[in-house]
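This report concerns only the one structure given below.
Protein chains in written order, with this note's numbering: chain A, 5 to 431; chain B, 5 to 431.
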């Protein structure tokens with residue numbers, strides 16, 4: 005806990021940026037308070053696997069306290085930060101209490117936005133947290149159950165119709181995996197429906213999927229999605245979403261299950277900094293990742309907007325890690341009165357998985373797709389998963405899934421409006 | 005799906021009794037409809053491991069559809085049965101629809117009861133379903149977080165005080181494991197509290213814990229619990245439970261976290277049969293497990309009360325499996341016009357685990373406890389877990405937990421009253 009003479013660093017957010025900053029401060033003469041709403045660090049790149057029943061929550065999450073238990077200068081706190089008070093140099097929690105800092109790092113990331121249509125949230129849940137993933141898993145699995153119980157063929161088809169809105173990496177992963185579930189995993193399990201007749205549509209407002217990749221790889225991705233049974237609809241914005249389906253350019257498409265994988269908005273915490281934000285609510289930071297006029301406040305990860313060589317640094321995990329590490333090193337060097345440097349993003353490449361044996365890889369010009377890309381993606385993701393145990397379990401699960409087409413976590417827990425809560429006699 | 009000429013068997017409940025009955029009908033000339041509120045069969049003996057963060061839900065659950073996908077005469081339906089209408093020979097669902105049967109098996113098990121104090125449910129959750137287990141996991145893990153954030157020493161001690169009500173197998177397992185978490189798993193992770201100072205109390209109204217075991221093993225269990233740091237309080241009924249603690253024989257004991265492991269009541273479905281139930285709401289069945297006056301209705305598992313050699317058959321998994329198998333065989337033999345037999349429970353022994361390297365075993369007179377009993381318990385439970393994948397993952401998790409004192413599933417998901425829902429920017 006911070007003594008009166010220690011330099012007190014508050015880090016808000018235990019994602020990639022916050023955690024890597026905390027670690028970079030391991031040997032610095034500071035006291036760090038790491039604050040997160042959740043008790044865990046989440047390996048977000050594999051969150052879609054929890055949503056599609058391939059992995060369970062603990063496979064991709066580890067308690068922050070546990071990760072940092074041996075770093076003596078860190079205190080982890082599970083709490084909700086409501087705002088920053090930059091003039092007083094303190095943060096305010098939702099319970100009204102405050103905490104003073106000498107240096108602050110905001111790394112609370114991004115959430116999804118419905119572009120002003122917040123009423124869509126109830127019909128088209130997004131995917132950012134473990135809670136989101138478990139909610140989505142329940143929705144996806146229940147849709148097949150509802151279809152099986154439905155006797156009206158029109159309603160049945162609507163339950164077997166899925167729309168994924170947003171053709172970025174998350175949307176592509178969800179569409180590809182959901183199609184695999186329908187075509188392979190659930191085979192032979194139902195008596196009234198053929199799960200393989202399910203319609204999975206990926207809807208992208210822009211001209212192509214995976215727009216952060218070169219055009220040739222977007223084309224490969226589209227072809228691979230189609231091979232997996234996904235209908236790819238590009239250039240078509242969504243006009244409306246309801247419980248029954250979506251409206252696309254004036255045409256109603258029935259779909260009882262809609263997933264929102266479009267529209268990223270930065271966490272609202274940046275609003276309390278008193279600086280102008282960009283359109284997505286991100287904080288434009290100086291080249292050393294500090295807030296203009298506040299050298300004691302850093303912003304890193306998806307909450308920061310950093311322009312480098314005329315292009316924004318992408319909102320991906322490697323960028324967040326690099327920013328976090330840079331912030332930690334800058335704080336350390338400042339206290340040691342050493343010169344500090346500007347942040348420089350090193351782009352090692354861009355990967356996206358699509359489904360079984362399908363992925364695209366762009367390693368600074370070296371581009372490939374298909375099976376080889378999928379193995380590359382798999383190796384990279386297992387390697388970067390935090391924690392020895394998780395890597396082993398994830399590998400084991402994937403091996404079994406690959407071999408059997410099965411998915412380990414096809415368990416419906418929790419309840420939605422359609423089912424009663426706290427019923428406890430299902431055996 | 006049942007054709008007009010098939011003998012239609014409805015089985016309500018996909019627990020041990022229902023699933024084993026379904027399997028015993030694999031080659032019988034019947035159509036089976038297996039109905040459960042959940043989509044999965046749950047390996048209930050390991051549920052406490054999910055509640056205490058050792059295993060994740062999919063480790064101990066498998067989709068019923070998947071288990072039964074190759075049994076062509078079975079249709080699985082995820083639905084809520086509201087009542088039986090024995091005169092019309094049909095069941096009614098909560099949506100108002102009905103389904104006719106030729107033969108019915110009710111195997112909906114038991115839930116917990118608060119002996120008329122339903123207001124205790126909010127303060128002292130029980131453990132019967134996966135939802136219960138995840139709720140409990142959240143409560144147990146959050147208690148340590150709250151203690152860490154609390155500056156008032158009295159309140160801090162209350163957050164570090166746990167009461168488990170009920171000294172049966174579930175209460176004993178929970179108390180022993182929770183004490184291990186406090187003393188070992190969380191070591192070095194907190195900065196303001198010492199988790200090992202947590203007080204875990206196991207409260208039993210009767211004279212001894214594990215009352216279904218011989219007295220000598222109850223004594224061993226108590227000694228092993230005390231060695232693990234649990235305070236065992238026997239002969240003391242609970243008078244009151246509130247958010248702040250419990251009242252025991254007039255004395256108030258602070259405890260912000262109370263778990264209810266006492267009081268089992270049969271599922272309410274038995275009430276619609278029109279026969280007199282026993283005190284716990286169970287259905288007294290004839291020696292062939294049918295309901296008096298209704299040879300076409302069977303009851304098995306925890307919902308049935310069967311007296312054999314003057315003693316009730318215990319509510320344990322092996323008894324439920326044996327009953328289920330007997331019901332399936334009886335239906336098959338009846339249709340083949342073969343003679344049927346009465347049910348006979350074969351008692352192979354009684355096991356209970358207490359915690360790390362601590363258990364008691366009673367194999368028809370061969371009694372042992374401690375490390376050897378623990379290994380025996382472990383082997384038996386892994387062996388009986390459904391599904392190859394689950395066994396491997398569970399073994400792996402246990403090996404890692406044993407070796408490192410760590411617990412893989414220490415992830416807080418969902419929300420309770422104290423935390424906001426659908427917050428999505430925790431990184």
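Ideal placement from N, C-alpha and C gives every residue a C-beta, glycine not left out.
With respect to the 8 Å criterion, residue 308 of chain A and residue 117 of chain A are not classified as neighbours on the basis of their beta carbons.
Within the segment 125-136 of chain B, the residues whose Cβ lies closer than 7 Å to any Cβ of chain A are, in chain order, 132, 133, 134, 135, 136.
Secondary structure at residue 418 of chain B: coil, using DSSP grouped into helix, strand and coil.
DSSP places residue 380 of chain A in the helix class (H, G or I) of the three-state scheme.
Neighbourhood of residue 397 of chain B in chain A, by CB distance below 7 Å: 397, 400, in chain order. Burial is judged here by how many other beta carbons sit within 10 angstroms of a residue's own beta carbon; residue 341 of chain B has fewer than 16 and is exposed. Contact annotation: the segment 371-380 of chain A does not touch the segment 367-381 of chain B, with fewer than three C-beta pairs closer than 8 Å.
At a C-beta separation below 8 Å, residue 61 of chain B has these neighbours in chain A: 60, 413, 415, 417. Within chain B, not a single residue places a beta-carbon under 9 Å from that of residue 11 of chain A; the smallest gap is close to 17 Å.
Contact check for residue 357 of chain B against residue 381 of chain B passes: the beta carbons are separated by less than 8 Å. Interface criterion met: the Cβ of residue 67 of chain A is under 8 Å from a Cβ in chain B.
Here the alpha carbons of residue 265 of chain A and residue 362 of chain A stand approximately 19 Å from one another. Contact with chain A is found for residue 73 of chain B, since one of that chain's Cβ atoms lies less than 8 Å from the residue's Cβ. Between the C-alpha atoms of residue 255 of chain B and residue 240 of chain B there is a straight-line separation of about 10 Å.
In this structure, residue 151 of chain B places its C-beta atom within 8 Å of the C-beta atom of residue 164 of chain B.
DSSP, read as helix, strand or coil, puts residue 370 of chain A in strand.
Taking all protein chains shown into account, residue 48 of chain A has 16 or more neighbouring C-beta atoms within 10 Å of its C-beta and is therefore buried. In this model, residue 245 of chain A and residue 355 of chain B are separated by some 54 Å (Cα to Cα). About 6 Å separates the beta carbon of residue 34 of chain A from that of residue 77 of chain A, a gap short enough to meet the 8 Å contact definition. In terms of beta-carbon proximity, residue 195 of chain A lines the interface with chain B, with at least one pair separated by less than 8 Å. Counted as a single uninterrupted DSSP element, the stretch harbouring residue 112 of chain B is not any beta strand (DSSP E), since DSSP gives it neither H nor E.
Per DSSP, the continuous alpha helix (DSSP H) segment holding residue 143 of chain B begins and ends at 134-153. Between the segment 224-243 of chain A and the segment 173-185 of chain A, the count of C-beta pairs closer than 8 Å reaches three or more; the two stretches touch.
Between the segment 287-296 of chain A and the segment 93-107 of chain A, the count of Cβ pairs shorter than 8 Å is below three; the stretches do not touch. Note on geometry: alpha-carbon atoms of residue 125 of chain A and residue 253 of chain A lie some 20 Å from one another. Looking at the DSSP output, residue 288 of chain A bridges to A:309. Taking one beta carbon from each stretch, the segment 126-140 of chain A and the segment 331-349 of chain A have fewer than 3 pairs nearer than 8 Å; the two do not touch.
Taking the beta carbon of residue 43 of chain B as reference, the chain A residues within 9 Å of it are 145, 146, 149, 414, 415, 416, listed in sequence order. Taken atom to atom, the span from the alpha-carbon of residue 204 of chain B to that of residue 234 of chain B is near 5 Å. Annotation: residue 44 of chain A to residue 145 of chain B spans about 12 Å, alpha carbon to alpha carbon. Residue 277 of chain A is outside the set of residues whose beta carbon lies under 8 Å from a beta carbon in chain B. Counting only the Cα atoms, residue 109 of chain A lies some 36 Å from residue 222 of chain A. Under the DSSP assignment, residue 173 of chain B falls in the alpha helix (DSSP H) whose first and last residues are 173-184. Straight-line spacing of the CA atoms in residue 314 of chain B and residue 399 of chain B works out to 39 Å. Taking 7 Å as the cut-off between beta carbons, the residues of the segment 256-290 of chain B near chain A are 271, in sequence order. Residue-level contact by beta carbon fails for residue 360 of chain B and chain A, as no gap is shorter than 8 Å.
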